[in-house]
Amino acid sequence: MRGIDELDVAGRTVLLRADLNTPLDGTTITDDGRIRASLPTITKLAGRDARILIIAHLGRPKGELYAQRAAGGPSLRPVAGRLSGLLGRPVPLAADVAGESAASVAAGLADGDVAMLENIRFEPDETSKDDAARAGLARRLAALAGPDGRYVADGFGALHRKHASVYDLPALLPHAAGDLVVAEVAVLRRLTENPERPYVVVLGGAKPSDKLAVIANLLGSADRLIIGGGMSYTFLKAQGYEVGKSLLEEDMIPQVSQVLAEAGRRGVEVVLPVDLVAATGYSPDAEHEVVPVGDFPADRESLDMGPATRELFASRLADARTVFWNGPVGVFEFPAFAAGTRAVAEAIGRVNGLTVVGGGDSAAAVRILGIPEDSFTHISTGGGASLEYLEGRPLPGLVALDGPA
Ligand code: ADP
Ligand code: MG
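To convert a position in the sequence shown, counted from 1, into the working numbering, add 21.
What follows is the structure in C-alpha cells.
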C-alpha cells in the first residue's frame, strides 16, 4: 500500500476520499472527531501544493433520484464550515457532487487550496450494486480532477464499502493511502497479529446481528469477551433470562447460543451483565431502577448496565494487555443511562497495554463523556470498517488501493 509521501501531488487536483460522517443534531455537529482526524492528511497535501477536492458522505439521504436526495439532505454545509474553521482557511462547497458546480469549484482550485463536493450519497450510483453504474459515477468524479488527477484514500470508516468513491475511483487514477488510513490499519494489524495477552474484547451497541460475525472470528484470538449494551439482552435471553421489553433479536438466539457453546469449547471466557437498569421507556427522563438479571420486570426495558455489572466488567479488564472496545454498553446519549459506558471507558483507560476504541458511537461516547482521549492507544474513526477487518474480511477500499492505476 503506497502512502501519500510517494505520490506526486504538487499542482495536481487530488480527489481526497475522507470520512466526515459526523453526528448532527439538526445542522449542529455534536462530535467533530472525524473532521479533526482528517486534518493531518489535508494539511500535508495542501503543504505540498496539491489542489484538494474532498469527497465525503453524510448520513443516509432518502429517495431514488439525485434530485430527491439533494433536496432532502443532509448537506455537507455544516461540515465544510467546521473544516474551514479548523483549517483556518476557506473551504468552498460545491452545490452538487459531479455536476456544473463541482466542475467550476474544481477549476477554481489553486495550489494548496481545499474544497469539497456535496454529499456523495446524493448520487444513487455511489452505493449501487451495479458495477457499471458505479463505474460511471467514478468516471465523472475522475474527470473533475483532469488528466493529471490523483486519488487519496483517507476515509477509513468507509473502506468496507464497495462504493464508487471508495472502490471504483482509485482504479482510474494514480492513488495512495492517506496517513489516517495507514495509522488505522497499522493498529488493527497489531490486534490481529500476535496480541499481548490477556486480549479482552468488549462489545456493546444495539444489535447482535451487527456483530455476531466478528464475535465468531474473535473466538479464535481473544481470551475474554465482555458483552454489554443492547446486544447483551439477546445473549441473556439465550441463557434463559427474561429481559422484558429490552432490545431483543429473537431470531438471533440460536446463533448466539452456538457462539456461547463455541466459546465454551475454546476456553474463551464470556462475561455478561449480572444486573441491569430497568426503565419505564426509551426516554432521557424515564423512571428506572436497578434489578438483578434474574428478576427483570416484564413491562420494563433496560437502557444501561447496573453497578454490579460495572464492577464486574472493570475487574475483568484490569489484567488485560490488549483491549478492543466497540459499542456503548448503554444509551449513553441519555445522561441518566451513561454510567455503564463511562465505567467501561474508564476501566479501559486504566489498562496497561494496547487499547483500541472502534466505532463511531463509541468514539463519540468517549468525547461526550469527557474521558481523556489520550487514555487510549487509539480511537478508530471506523466502526464497521474495523469490525470487518477483525472479521478477517478484505476491505474493498484497501483491495482497490493495492490494485493498478
Ligand atoms: P458503534 O457506532 O460504536 O459501533 P453501535 O452503532 O453498534 O456502536 O451502537 C451504538 C448505539 O447502541 C448507541 O446509539 C446506544 O444508544 C445503543 N445502545 C447501547 N446500549 C443500549 C441499550 N442497552 N439499549 C438500547 N440501545 C443501546
Ligand atoms: Mg454506530
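We treat Cβ as the ideally placed atom computed from N, Cα and C, and that holds for glycine.
With a contact defined as Cβ atoms closer than 8 Å, Val-221 and Val-344 qualify at about 5 Å. In the assembly as shown, Thr-255 is a buried residue. Its beta-carbon has 16 or more other beta-carbons within 10 Å. Just so you know, the alpha carbons of Asn-42 and Gly-80 end up roughly 7 Å apart. Taking 7 Å as the cut-off, the C-beta of Gly-380 counts as close to a heavy atom of ligand 2.
Checking the DSSP bridge columns, you'll see Asn-347 partnered with Leu-224.
Counting the other CB atoms within 10 Å of its CB gives Glu-121 a total below 16, which places it among the exposed residues.
Separation of Arg-245 and Leu-269 (C-alpha to C-alpha, rounded to the nearest whole angstrom) is 23 Å.
Straight-line measurement puts the Cα of Gln-279 at about 14 Å from the Cα of Glu-271.
For Val-126 and Arg-57, the gap between their C-alpha atoms comes out near 23 Å. Contact between the stretch 393-407 and the stretch 70-80 is absent, with fewer than three C-beta pairs closer than 8 Å.
The Cβ atoms of Trp-346 and Ser-407 lie no closer than 8 Å to each other. Within 7 Å of the C-beta of Val-292 there is not a single heavy atom belonging to ligand 1.
Distance check between Arg-321 and each of Val-298, Leu-193, Glu-27 and Ala-359 places Val-298 closest, using alpha-carbon atoms only. One thing to note: Leu-338 has its Cβ no nearer than 8 Å to the Cβ of Arg-363. Nearest Cα to Pro-113 within the set Ala-136, Leu-107, Tyr-410 and Ala-91: Ala-136. Not one heavy atom of ligand 2 falls within 7 Å of the beta-carbon of Gly-315. For Thr-48, same chain residues with a beta-carbon under 6 Å away, outside a window of 5 residues either side, are Pro-99 in chain order. Burial is judged here by how many other beta carbons sit within 10 angstroms of a residue's own beta carbon; Thr-51 has fewer than 16 and is exposed. Taking 7 Å as the cut-off, one finds at least one heavy atom of ligand 2 near enough to the beta carbon of Gly-404.
With a threshold of 7 Å, the Cβ atom of Asp-325 counts as near ligand 1, since some heavy atom of the ligand is closer than that. Note that the C-beta distance between Glu-85 and Asp-117 is not below 8 Å.
Taken from the Cβ of Asn-347, at least one heavy atom of ligand 1 lies inside 7 Å. By the neighbour-count criterion, in which 16 or more other beta carbons inside 10 Å mark a residue as buried, Met-22 falls on the exposed side. Within 7 Å of the C-beta of Ser-383 there is at least one heavy atom belonging to ligand 1.
Excluding five sequence positions before and after Ala-197, the CB atoms of its chain that fall closer than 7 Å to its own CB belong to Arg-23, Gly-24, Ile-25, Glu-27, Leu-28 and Val-173, given in chain order. Annotation for Glu-412: Ala-234, Val-235 and Asn-238 place their beta carbon closer than 6 Å to its own, counting only its chain and skipping 5 residues before and after. Here Ser-267 is buried, its C-beta having at least 16 other C-beta atoms within 10 Å. Between ligand 1 and Glu-214, a heavy atom-to-CB distance of less than 7 Å is absent. Each of Gly-109, Gly-225 and Ala-207 was checked against the Cα of Pro-349, and the nearest Cα belongs to Gly-225.
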